[in-house]
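Take a look at the structure below.
Chains as they are written, first to last, in this note's numbering: chain A, 13 to 213; chain B, 13 to 213.
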C-alpha cells in the first residue's frame with residue numbers, strides 16, 4: 013500500500029556561510045526532494061545552466077508573470093529580479109514530491125503570507141545558522157583575501173538576517189557537514205509522517 | 013554553546029502488535045529519551061522490577077494521588093489502576109530531557125487535554141500501525157495458539173484503536189523494525205530543532 017500524501021515545501025534560510033545551499037543541493041542530489049529553480053532577469057554567468065541554476069528570462073517576461081500573480085515570491089536585488097513560480101512548486105506538491113527552496117528571509121515571509129491552501133499544508137521552514145558569532149565571522153572571512161570593510165558589511169548583513177530565526181518553526185545550529193545533513197534529512201523524514209498531508213482522511 | 017531547550021514529551025500509541033513498545037524501549041536504551049514509568053495497583057509479575065516496569069503502589073496510595081491531581085493520565089483496566097505522575101514527566105522536561113510514553117488512545121486524549129503549558133509545549137504524538145488489515149491480523153495471531161474468538165476480539169479492539177490515528181500529528185506505517193526505528197528516531201531528532209522549545213526567545 014502506497015502512502016498517499018501531498019509533498020512538503022521545505023524553506024531553508026540562513027546567512028551566507030551557514031551551509032544552507034549545500035544542504036539543499038545534497039537533499040536534491042540524493043533524490044529526496046526537488047530543488048526549486050528560480051527565474052531571474054540577470055544574465056547567466058560562466059558555467060550556469062538554464063533550468064538548473066536559474067531560468068534566465070527577460071525583464072519583460074518577468075514583469076508579465078508578476079502582474080499575472082504567477083510568483084510564489086520574488087524580489088529585486090541590485091537591479092535584477094529573482095522569483096519562484098507557483099507552478100514550479102505546486103505541480104510537484106500535488107503528486108507527493110517534496111520541494112526544497114534555498115530562500116532569504118524576505119522570500120520566506122512572502123511564502124508564509126501566500127494564501128494558497130496547498131502551500132500552507134506543505135510549508136515547513138528552517139533557519140540554519142552558526143553556533144556563535146565567532147564561527148559566523150570565520151565563515152564569512154573565507155580565504156581572508158577580502159578588505160576589512162567588505163567583511164564588516166557582510167557581518168552586519170548576516171547578523172541582520174540571523175535576527176529573523178525566531179520566525180521559523182525549526183532552527184539548525186550548524187556543526188560538521190555530516191551532522192548538519194543528518195539533522196536536515198531527519199527533518200524531512202519526520203515531516204513525511206505528518207498526518208496533515210495525508211490524503212483522503 | 014549548549015542549546016537551551018525544554019524536553020519533548022513523545023506520546024506513542026498504536027494497536028498491540030504495532031511494535032510501539034519496542035520503539036520506545038529502544039529509544040530509551042540508546043539514551044535518547046527517558047522511558048516514562050507508570051504507577052499501577054496490580055501486583056507485580058515474575059521478573060518485573062519496581063521503578064523499571066512500573067511503580068507498584070497500593071490502591072489507597074493511587075486514589076490519594078488521583079484526588080491530589082498528581083496524575084497526567086490514569087485509567088482503570090480490568091479492576092486495576094494505571095497512571096503516569098506529572099512529576100515523573102515535568103522534572104525531566106524542565107532540564108531538557110526528552111520523555112517517551114507508550115500510551116493508549118484514551119491516555120493520549122487525557123495528556124492532550126492537560127492545561128499545563130509545559131506539557132503542551134513538550135507534546136508530540138505519534139500513532140504506529142500496520143500497513144494493512146492482513147498485516148494486523150498476522151501480528152495479532154502471533155504463534156497461532158489462540159482460539160478463533162480470542163483473535164477476533166483482539167482484531168476488533170485493534171481496529172477500534174486504529175480509528176483514532178487521525179487525531180495524532182504523526183503516523184508511522186510499520187515496515188521492518190530497522191525502517192520503523194529509523195523514522196522514529198528521525199522524528200525526535202527533528203523535534204529537537206523546534207524553535208518553540210528553545211528557552212529565552
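Virtual Cβ for every residue (Gly too), placed ideally from N, Cα, C.
- In this structure residue 20(A) does not touch residue 198(B) by the C-beta definition: roughly 13 Å separates them, more than the 8 Å allowed.
- Residue 150(A) is outside the set of residues whose beta carbon lies under 9 Å from a beta carbon in chain B.
- The continuous stretches of beta strand (DSSP E) do not include residue 146(A), which lies in the alpha helix (DSSP H) extending over residues 145–153.
- Near chain B, meaning a CB-to-CB distance below 8 Å, the residues of the stretch 166–198 of chain A are 177, 178, 180, 181, 182, 183, 184, 185, 194, 195, 197 and 198.
- Residue 165(A) is classed as exposed because its beta carbon has fewer than 16 other beta carbons within 10 Å across all chains shown.
- DSSP, reduced to helix, strand and coil, places residue 96(A) within a strand of the structure shown.
- Residue 18(B) places its beta carbon 9 Å or farther from that of residue 154(B).
- In the DSSP assignment, residue 37(A) falls outside any beta strand (DSSP E) and lies within the alpha helix (DSSP H) extending over 32–41.
- When CB distances to chain B are screened at a threshold of 7 Å, not a single residue of the stretch 16–28 of chain A falls below it.
- In the DSSP assignment, residue 199(B) falls within the alpha helix (DSSP H) that extends over 189–203.
- Per DSSP, the beta bridge partners of residue 83(A) are 97(A).
- For residue 181(A), no beta strand (DSSP E) segment is defined, and its DSSP state is neither H nor E.
- Against chain A, the CB of residue 201(B) has a partner CB under 9 Å away; the residue lies at that interface.
- Look at residue 105(A): its C-beta is not under 9 Å from any C-beta on chain B.
- Assigned with DSSP and collapsed to three states, residue 131(A) falls in helix.
- Burial check for residue 95(A): the Cβ neighbour count within 10 Å reaches 16 or more, so the residue is buried.
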